[in-house]
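Residues in the sequence shown are numbered from 9 upward in steps of one, following the numbering used here. Note that the Cβ used here is the ideal one computed from N, Cα and C, for glycine as well. Each remark here refers to the structure printed beneath this line.
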Amino acid sequence: APSRTVVDLLLKAGARVRAYDPVAAGEAKRIYGDRKDFALSKNAYEAAEGADALAIVTEWQEFRSPDFDRLKQILKAPLIFDGRNLYDPAMVARFGFTYYAIGRGKPLALT
9 APSRTVVDLL LKAGARVRAY DPVAAGEAKR IYGDRKDFAL SKNAYEAAEG
59 ADALAIVTEW QEFRSPDFDR LKQILKAPLI FDGRNLYDPA MVARFGFTYY
109 AIGRGKPLAL T
């Protein structure tokens, strides 16, 4: 799964990963066990709380309409990496996020 590749690369680079997956949490627990640099969260907002960035690597329905105002308040920086092209770049930019999406070129942000 692409999400596993992304997590593996982030961990290899020294990142601490907090993840939420409503379907594959059990599999993630099996793969990553009790690593100190990997934690599973109870929901998407808990995973985003205090994070340097938000990475979208699965396309479950519940990720399609997040509360962007809430995300902006709880993330350290308004930064989204969207590996599934779930959001309209202009709409996300209106909320003040820097938004990187696969295959869409330069990030969009309103200044």
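Residue of the options minimising C-alpha distance to residue i
i, options, result
"F46", "L83, M99, Y28", "Y28"
"G111", "K44, A9, T13, P97", "P97"
"S11", "R72, A63, S49", "A63"
"V65", "R24, L94, A21", "L94"
"L83", "W68, L48, T106", "T106"
"A52", "R38, F71, R43", "F71"
"A59", "D90, D75, P74, K80", "K80"
"Q69", "R92, D16, L18", "R92"
"R26", "E57, A9, L87", "E57"
Cβ neighbour criterion (16 or more within 10 Å) applied to residue i
i, result
"A36", "buried"
"V31", "exposed"
Limits of the alpha helix (DSSP H) - the one that residue i falls within
i, result
"R12", "10-20"
"L62", "Careful: L62 lies outside any alpha helix (DSSP H), inside the beta strand (DSSP E) at 62-64."
"D77", "76-82"
"R72", "Note, R72: premise wrong, no alpha helix (DSSP H); not H, not E."
"E54", "52-56"
"Y40", "33-40"
Beta bridge counterpart(s) of residue i as assigned by DSSP
i, result
"R26", "A47"
"Y108", "F89"
Any non-hydrogen atom of the ligand HEM closer than 8 Å to residue i Cβ
i, result
"L48", "For the structure depicted, the ligand HEM is absent and the ligand set is empty, with no information on it obtainable."
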